[in-house]
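S.K.:
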Amino acid sequence: MKPDLFEAPDYYLLDELLTEEHKLVRDAARSWVKRDVSPIIEEYAQKAEFPTQIISGLAEIGAFGPYIPPEYGGAGLDQISYGLIMQEIERGDSGVRSTASVQSSLVMYPIYAYGTEEQRKKYLPSLASGKMMGCFGLTEPDHGSNPSGMTTNFIDKGDHYLLNGAKLWISNAPFADIAVVWAKNEEGRIHGLIVERGMEGFSTPETHNKWSLRASATGELIFDNVKVPKENLLPGKSGLGAPLGCLDSARYGIAWGAIGAAMDCYDTALRYAGERIQFDRPIAATQLQQKKLAEMVTEITKAQLLAFRLGQLKNEGRATTAQISMAKRNNVDMAINIAREARQVLGGMGITGEYPIMRHMMNLESVITYEGTHDIHLLITGWDITGISAFK
Ligand SMILES: Cc1cc2nc3c(=O)[nH]c(=O)nc-3n(C[C@H](O)[C@H](O)[C@H](O)COP(=O)(O)OP(=O)(O)OC[C@H]3O[C@@H](n4cnc5c(N)ncnc54)[C@H](O)[C@@H]3O)c2cc1C
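Residue numbers (the numbering used here): 163 to 554.
1) Just list the beta strand (DSSP E) runs in the stretch 411-481, keeping only unbroken ones of 3 residues or longer that don't cross its boundaries, in chain order.
2) Does the beta-carbon of Y532, which I'm using as the reference point, lie nearer than 6 angstroms to any heavy atom of ligand 1?
3) Suppose you measure from the CA of I356 to the CA of P171; what does that come to, to the nearest Å?
4) Should D537 be counted as a contact of ligand 1 given a C-beta to heavy atom distance under 6 angstroms?
5) Quick check on G320: buried or exposed, where buried means 16 or more other Cβ atoms within 10 Å of its Cβ?
6) Starting from Y323 and walking both ways along the beta strand (DSSP E), at which residues does that stretch end?
7) Given a cut-off of 7 angstroms, decide if D429 and T483 are closer than it, judged by their beta-carbon atoms.
8) Can you list, in chain order, the residues of its chain with a C-beta nearer than 6 angstroms to that of L268? Leave out the 5 residues immediately preceding and following it.
9) Here's the rule: buried if 16 or more other CB atoms are within 10 angstroms of the residue's CB, otherwise exposed. What is A240?
10) Go ahead and pull the three-state DSSP assignment for E358.
11) Would you be able to state if there are at least three C-beta pairs under 8 angstroms between the stretch 333-340 and the stretch 180-200?
12) Using only the alpha-carbon positions, how far apart do G311 and H305 sit?
13) If we ignore side chains and look at the alpha-carbon of each, how far apart do E393 and G224 end up?
14) Between which two residues does the beta strand (DSSP E) carrying V529 extend?
15) Within 10 angstroms of the Cβ of W373, are there 16 or more other Cβ atoms? Answer buried if so, exposed if not.
16) Report the three-state DSSP secondary structure of H539 (helix, strand or coil).
17) Restricting to Cα atoms, I'd like to know which of S551, L432, I416 and D495 is closest to M248.
18) On the three-state DSSP scale, how would you describe P391?
19) Pick from V199, K554, A207 and T548: whose alpha carbon is nearest that of N371?
20) Secondary structure at K346, three-state DSSP: helix, strand or coil?
21) Which same chain residues, not among the five before or five after Q485, have their C-beta less than 7 angstroms away from its C-beta?
22) Pair every Cβ in the stretch 493-501 with every Cβ in the stretch 453-465, then say whether three or more of these pairs are closer than 8 angstroms.
23) Quick one: is L175 buried, meaning 16 or more other Cβ sit within 10 Å of its Cβ, or exposed?
24) Does DSSP classify D318 as helix, strand or coil?
25) Whose C-alpha, out of Q449, L383 and L325, is nearest the C-alpha of K389?
26) Could you have a look at H184 and say whether DSSP puts it in helix, strand or coil?
27) For Q451, tell me which candidate among R438, E478 and G398 has the shortest Cα-Cα distance.
28) Spatial neighbours of N387 within its chain, please: CB distance less than 7 angstroms, with the 5 preceding and 5 following residues excluded, ordered by chain position.
29) Beta carbon of S307, beta carbon of I538: below 7 angstroms?
30) Going by the CB atoms, is the gap between A431 and H522 shorter than 7 angstroms?
31) Considering only their Cβ atoms, is the gap separating A335 from G381 smaller than 7 angstroms?
32) Of the choices L467, S200 and S365, whose alpha-carbon is the least far from that of I242?
33) If you compare alpha carbons, which of N347, P309 and G254 is closest to S378?
34) Which residue marks the beginning of the alpha helix (DSSP H) containing G509, and which one marks its end?
35) Would you kindly report the start and end of the unbroken beta strand (DSSP E) that includes G299?
36) Would you kindly work out how many angstroms separate the C-alpha atoms of Y229 and G238, rounded to a whole number?
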């Protein structure tokens with residue numbers, strides 16, 4: 163891959179709205195991505211492997227539990243810092259950001275928010291340092307957009323729970339040490355359980371042949387009469403609202419992350435258009451390419467403003483699920499459209515691994531589907547503004 167010359171667009175001088183801490187956190191993540199992710203990511207995406215050697219670096223830049231309090235090993239940062247870290251990581255690769263999002267919002271967050279003090283102390287410091295990795299099992303083979311129909315279940319056996327079922331499309335599953343698994347009890351109520359690698363009857367086969375998020379490991383979670391100790395149940399919240407609360411946090415991170423992928427595509431296309439000579443002038447001198455580039459920076463600027471305001475609301479505890487849906491949906495759609503346009507600016511070179519655009523484009527096909535599809539987020543907005551659910 164070409165050297166990483168990335169320069170972030172900031173057309174509306176949004177840096178002026180950031181605190182010194184925001185900028186320090188953002189710049190540390192940006193430098194780390196340039197040094198440790200950009201040089202290797204294309205190779206790992208091509209061979210469809212997660213680069214496990216970057217786990218300690220992710221922990222060092224605070225990507226695991228940025229907003230979890232320091233007493234549990236987290237960085238104790240605000241929501242805008244969390245967003246900026248996700249933006250910078252996804253500027254490198256959506257698959258790497260997925261690993262960080264899952265660890266932070268889908269594993270650490272439920273343990274922090276719904277777990278006991280013993281569970282927090284047992285798991286959070288190791289998860290924050292990357293010594294322990296986690297995954298989140300909600301989706302099932304027959305229940306994706308409608309997780310309330312899940313069939314994974316556990317029954318009370320007196321001194322333990324007996325867990326049966328299967329989860330599909332689980333990021334980090336092939337190497338995770340623990341899984342936060344959502345399953346129904348005998349009354350059909352959804353609860354979170356912490357399942358540990360090594361428990362008898364628990365396996366995590368890897369999903370192969372993906373054309374998207376190739377540098378992220380995805381797999382299944384299979385539970386065949388797994389005995390789960392009773393102290394592994396997350397007691398603080400039950401019902402579908404419990405996993406959906408985690409998804410709010412992760413989707414918020416995606417709204418920022420997608421900006422990173424879009425910025426990388428735009429920056430690559432802008433530089434290429436300035437250097438590529440056709441008909442005796444740079445292609446950047448043509449009206450058609452300027453239209454593409456001008457529209458890209460406009461859309462990125464709008465997405466930055468959306469994410470920043472959402473971050474302020476989240477810091478105040480006022481961001482709603484529907485507001486988060488709007489930002490996730492808009493920003494991922496913005497990024498995938500920019501990736502497609504930017505790919506064309508590079509002509510044939512755009513399809514090669516010499517440049518990051520095609521990798522971003524393929525990654526974003528997963529990002530637009532996971533954590534609630536593009537359609538589902540539209541329905542959430544529709545429900546919010548009309549008061550009528552169109553899900554059924
Ligand atoms: C790479 C990758 C990683 C993932 N990681 C995780 C993970 O770590 N943990 C986890 O639990 N899950 C994970 N997922 C699963 C992901 O969240 C689901 O794929 C997603 O929720 C969609 O479910 P589905 O694929 O079953 O699609 P379906 O729900 O079958 O949807 C198929 C199509 O129907 C549309 N549709 C569904 N219902 C409606 C409706 N009511 N009205 C209109 N249209 C509708 C959808 O928008 C979609 O276009 C991951 C997925 C991928 C691809």
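Cβ coordinates follow ideal geometry from the N, Cα and C atoms, glycine included.
M.R.: According to the structure shown:
1) Correct list: empty.
2) Look at Y532: its beta carbon is less than 6 angstroms from one of the heavy atoms in ligand 1.
3) Here the alpha carbons of P171 and I356 stand approximately 41 angstroms from one another.
4) Remark: the C-beta of D537 is in contact range of ligand 1, defined as less than 6 angstroms to any heavy atom.
5) Of the residues assessed, G320 falls on the exposed side of the cut-off, its CB having fewer than 16 other CB atoms within 10 angstroms.
6) Here the beta strand (DSSP E) through Y323 covers H322 to S333.
7) T483 is not a Cβ neighbour of D429, given a cutoff of 7 angstroms.
8) Same-chain partners within the cutoff: F298, C408 and A412.
9) It is Asp, not Ala, that sits at residue 240 in the sequence shown. Per the 10 Å Cβ criterion, buried.
10) It is a strand residue.
11) The stretch 180-200 is not in contact with the stretch 333-340.
12) Distance between the alpha carbons of G311 and H305: 6 angstroms.
13) For E393 and G224, the distance between alpha carbons rounds to 28 angstroms.
14) It is not in any beta strand (DSSP E) - V529 instead sits in the alpha helix (DSSP H) that spans I519 to V529.
15) Exposed is the call here.
16) Helix, per DSSP.
17) Cα-wise, what sits closest to M248 is I416.
18) Note: P391 maps to strand in three-state DSSP.
19) From the listed residues V199, K554, A207 and T548, the smallest Cα separation to N371 is found for A207.
20) Three-state result, K346: strand.
21) Correct list, in chain order: L472 and L475.
22) Short answer: they touch.
23) Flag for L175 reads exposed.
24) In the three-state reduction of the DSSP assignment, D318 falls in the strand class.
25) Minimum Cα-Cα distance from K389 among the listed residues Q449, L383 and L325 corresponds to L325.
26) Assigned with DSSP and collapsed to three states, H184 falls in helix.
27) Scanning R438, E478 and G398 for the CA closest to the CA of Q451 turns up R438.
28) Excluding the 5 residues flanking it on each side, N387 has same chain C-beta neighbours closer than 7 angstroms at L324, N326 and G363, in chain order.
29) Contact check for S307 against I538 passes: the beta carbons are separated by less than 7 angstroms.
30) No, the pair does not count as a contact, with Cβ atoms beyond the cut-off.
31) For G381 and A335, yes; Cβs fall inside 7 angstroms.
32) Relative to I242, the option among L467, S200 and S365 whose CA is nearest is L467.
33) Ranking N347, P309 and G254 by Cα distance to S378 puts G254 first.
34) G509 -> no alpha helix (DSSP H), and no H or E assigned at all.
35) G296 to G299 is the extent of the beta strand (DSSP E) around G299.
36) Just so you know, the alpha carbons of Y229 and G238 end up roughly 5 angstroms apart.
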